[in-house]
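Numbering (our numbering), first residue to last: 25 to 225.
Given below as structure tokens:
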């Protein structure tokens with residue numbers, strides 16, 4: 025557990041500087057998926073966001089897939105199950121799990137062995153989508169991996185909401201400056217909490 029928390033703190037430390045307002049959210053999330061892959065020891069990590077207009081989950085960020093290239097109904101796949109149930113899932117034999125959507129593998133040519141997936145739930149208790157890592161390089165995904173993914177989910181959700189709110193915000197320079205400071209404090213609080221958890225063990 026202590027090793028997991030230390031790994032989580034290091035990941036949080038990597039991600040925090042990425043989520044600066046003014047940078048494109050697509051770029052921030054793409055780089056964050058790179059770091060998540062490194063710390064998770066997985067072949068692929070990606071983010072699906074819920075699209076209200078078609079009621080589907082659509083790929084938003086992945087290192088090797090184009091934005092919006094893949095869309096699935098919320099009733100389909102492990103990502104759909106996680107989104108609807110608002111619960112994380114670890115599946116270490118995907119083709120033996122009835123929730124798994126084989127069609128995505130067929131479309132991409134990628135063979136998914138195992139997956140860890142978590143919901144992206146914001147401060148208003150809305151589920152924005154899911155985040156997932158596929159194919160651990162060695163062995164099965166574990167509860168420690170899920171803890172790491174949950175931390176990434178928290179930071180990614182905050183970054184997505186901040187970007188959306190900032191883009192929509194029509195305020196004076198002083199108000200915008202205060203908003204940016206508040207956002208910076210939010211990420212520092214996440215980092216401080218992870219540091220506290222790490223040091224308490």
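Just so it is clear, CB atoms sit at the ideal spot from N, CA and C, and this is done for glycine as well.
Here the structure is a predicted model, which is why all the values come from computation and not from measurement.
Reduced DSSP secondary structure (H/G/I, E/B, other) of residue i
i           : result
residue 186 : helix
residue 178 : helix
residue 67  : strand
residue 102 : helix
residue 125 : coil
residue 41  : helix
residue 120 : helix
residue 82  : strand
residue 107 : helix
residue 94  : coil
residue 62  : helix
Distance CB(residue i)-CB(residue j) smaller than 8 Å
i           : j           : result
residue 32  : residue 175 : yes
residue 150 : residue 116 : no
residue 101 : residue 160 : no
residue 140 : residue 173 : yes
residue 95  : residue 73  : no
residue 181 : residue 158 : no
Per-residue burial, residue i [other beta carbons within 10 Å of its own, 16 or more giving buried]
i           : result
residue 110 : exposed
residue 163 : exposed
residue 97  : exposed
residue 148 : exposed
residue 119 : exposed
residue 105 : buried
residue 99  : exposed
Those residues which DSSP pairs with residue i across a bridge
i           : result
residue 156 : 70, 141
Touch check for the region 130-137 and the region 168-188: three-plus C-beta pairs under 8 Å?
No: fewer than three Cβ pairs fall under 8 Å.
Assess, as a yes-or-no matter, whether the region 49-66 is touched by the region 182-189 under the definition of 3 or more beta carbon pairs within less than 8 Å.
At 8 Å Cβ cutoff, the stretches touch.
Would you be able to state if there are at least three C-beta pairs under 8 Å between the region 53-64 and the region 121-129?
Not touching, per the Cβ criterion.
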